[in-house]
Structure formats: structure tokens, C-alpha cells
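Enquirer: Shown below is the structure under consideration.
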Amino acid sequence: MHQEPERATMSTLSDLLGIPHFSTSTGSTVRRDFLEAVATALGAGTGDLTGLDKDGVLALAWELARREPAPPEAFSRGGTVKNWTLQAIIDGVIEHGLGPALAEEPTPGGFHDLEDERRRRVAVQAVREGQGGFRDAVLTAYQGRCAVTGTDLPAALEAAHIAPYRGQASHEVSNALCLRADIHGLYDRHMLAVHEDDYTVLLAPAVLASSYADLQGRTLLLPKVIALRPDRDALARHREESGLG
């Protein structure tokens, strides 16, 4: 059977679920054994797969990931699988924290554990940035600059969600800040927050005692388009959870 490279959505699912990477068959067709591996990683037993055709396996994977039945539009004629359907399964995996790559705390250890953690971060970042240019939209809104530091090197910038990622609906520019990677890390760890009233930066005591101290009180660089500016309610929730201000 002629084989072709895997799709990007397949690669993301493989990394998230800790399963092997699969090639596609002729015409970039998703293979049944890949769908079986996805369903098994999500908790399906051998008996659950018995007697199912390819669409049945896909439906099972959808239900295990999203915890709801697959709608008719998730399926295509001829045994093909839509990228939209795979992305919906990815969203379910992320939303419900399924798979070893989304474990909150990696197991400490040697090189292989570090490699697993690297793959986890790459997979999660790839999903969060989305397949449709979410990061590009955020960087464009912020004119390619970190909202806190003003850094304008694109390779150093990330799209940071204000409210936690909960699927594609979270991919709104108003639910994001353009942040340098290290600032993004502080924000996600609740060591840096933004006051919703005046968009000023607030730092945790440990950060105030570091070389980052001069960021305290800075005013965010904001998108020119008002509708794209950070959602004040989301900023407030993050600030309160951080215990700052």
C-alpha cells in the first residue's frame, strides 16, 4: 500500500496521547489503525473496537475525547477523515486533560523524562496556538511587540491566553496577550498579572526581588483596535487568582 506523510493534526494527536506516529495512505487518507490507536489511548478496550467499521472507530474516538456523540457532519464519504474532525478530537483531549502529554506534573528523572517534557510542551504549544493562525493574529494585533517589554523579535513572542485554553472558542484575540516567552511563563505561573482597570503590570514578591522588578507598574502596549484589546473580566479573574493587586 502506498504511504504518504502524516497530517499535522495526526502528529499533534500522537504527541498528546503518547502513541506512535502514523503515515497516511494514498491521497493523505487517515488509516484505520491510527484511529484505533487514538481510541485505545483514550480508554477503549479491544472489545469496544470489535465489529466497528472505520467510521465507527472514529465515532468512538470522538465520544471518548469530547464526551458527547459525534454529529453527522464529523464524517465524510469514502472513508476519508476531515481535518476539522481531528481538530475537534484534539480540542476534547485538551479540554478534558486527556493523555500523558497533558499531565500537570512531569515525572522527575533523567534524559528521557526531559525529552518527554520537551515533547509535551511542544505539543501543547502547537495546539494552543491553533491550526488557523491564532498566534499570527495576536502578533499582528500587537504590532509584533511583547505587550509588557516591547520586545519585537517574532521568534521570542508567544500568544498567551488570559483565560485558560478550553478549545477553539478560546482563540479570540481579546482573550490573549502577546508576550515574550519568559514573560508568558511568569504569567501562566501567576507570578505576573495585569490590573484590569489601567492595564498596569503587577509582580509577585519573588519577581520583585529579581531582575524583572522594573516591570512593576508598566502599562501594557495595547492593540490599536479597541475590540482586540484584553478582556477586562478575564484579566480580573487571572489577577485575583494570582493574589496580586
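Count the sequence shown with full-length UniProt numbering and you get residues 1 to 245, in order. Beta carbons are placed, not taken as given, at the ideal position from N, Cα and C, and that holds for glycine.
1) For I19, which residues from the same chain have a beta carbon less than 6 Å from its beta carbon, with the 5 sequence-adjacent residues on both sides left out?
2) Only counting the same chain, and skipping five residues up and downstream in sequence, which positions put a Cβ closer than 8 Å to that of D214?
3) What is the DSSP secondary structure of A176, counted as helix, strand or coil?
4) Looking only at C-alpha atoms, which of D33, S14, H171 sits nearest to L98?
5) Quickly, what does DSSP pair G200 with across the bridge? List them, please.
6) Can you name the start and end residues of the alpha helix (DSSP H) that A209 belongs to?
7) Thinking R237 and A193 are a contact (beta carbons under 8 Å), I'd like their distance in whole angstroms, please.
8) Given this structure, state the Cα-to-Cα distance separating A147 from I94, to the nearest angstrom.
9) Looking only at its own chain, which residues have a Cβ that is under 8 Å from the Cβ of I226, when we skip the five neighbours before and after it?
10) Here's a check: name, in chain order, each residue in its chain whose Cβ is nearer than 6 Å to the Cβ of residue 328, leaving out the five neighbours to either side.
11) Tell me which same chain residues have a C-beta within less than 6 Å of the C-beta of T9, skipping the five on either side of it?
12) Measuring CA to CA, which of S25, G56, S23, D91 is closest to R66?
13) Helix, strand or coil: which one does DSSP assign to V194?
14) Quick check on DSSP: helix, strand or coil for L139?
15) Can you name the start and end residues of the beta strand (DSSP E) that H161 belongs to?
16) Per the DSSP calculation, E4 is bridged to which residue(s)?
17) Using the DSSP secondary-structure output, state which residues sit across from T29 in a beta bridge.
18) Cβ of P5 within 8 Å of Cβ of S23?
19) With 16 as the cutoff for other CB atoms within 10 Å, does L202 come out buried or exposed?
20) Between the alpha carbons of D55 and A39, how many angstroms are there, rounded?
21) Within 10 angstroms of its Cβ, does P230 collect 16 or more other Cβ (buried), or is it exposed?
22) With the cut-off set at 8 Å, would you say P71 and E63 are in Cβ contact?
23) Between A160 and L177, how many whole angstroms is the CB-CB distance? I'm expecting something under 8 Å.
Expert: The answer reads as follows:
1) For I19, the CB contacts under 6 Å within the same chain, skipping 5 residues up- and downstream, are A37, A41 in chain order.
2) none
3) strand
4) S14
5) Checking the displayed sequence, the identity of residue 200 turns out to be Thr instead of Gly. Paired residues: T219.
6) A209 -> no alpha helix (DSSP H), and no H or E assigned at all.
7) In fact, because the Cβ distance is near 10 Å, the residues do not count as touching under 8 Å.
8) If I take the Cα positions, the gap works out to 26 Å.
9) Excluding residues within five positions, none has a Cβ falling inside 8 Å.
10) The question about residue 328 has no answer here: the residues shown for the chain are numbered 1 through 245.
11) In its chain, beyond the 5 residues on either side, N83, L86, Q87 have a beta carbon closer than 6 Å to the beta carbon of T9.
12) D91
13) strand
14) helix
15) 157-161
16) As computed with DSSP, E4 is found in a beta bridge with T24.
17) S25
18) yes
19) buried
20) 12 Å
21) With 16 or more Cβ atoms within 10 Å of its Cβ, P230 is classed as buried.
22) no
23) 5 Å
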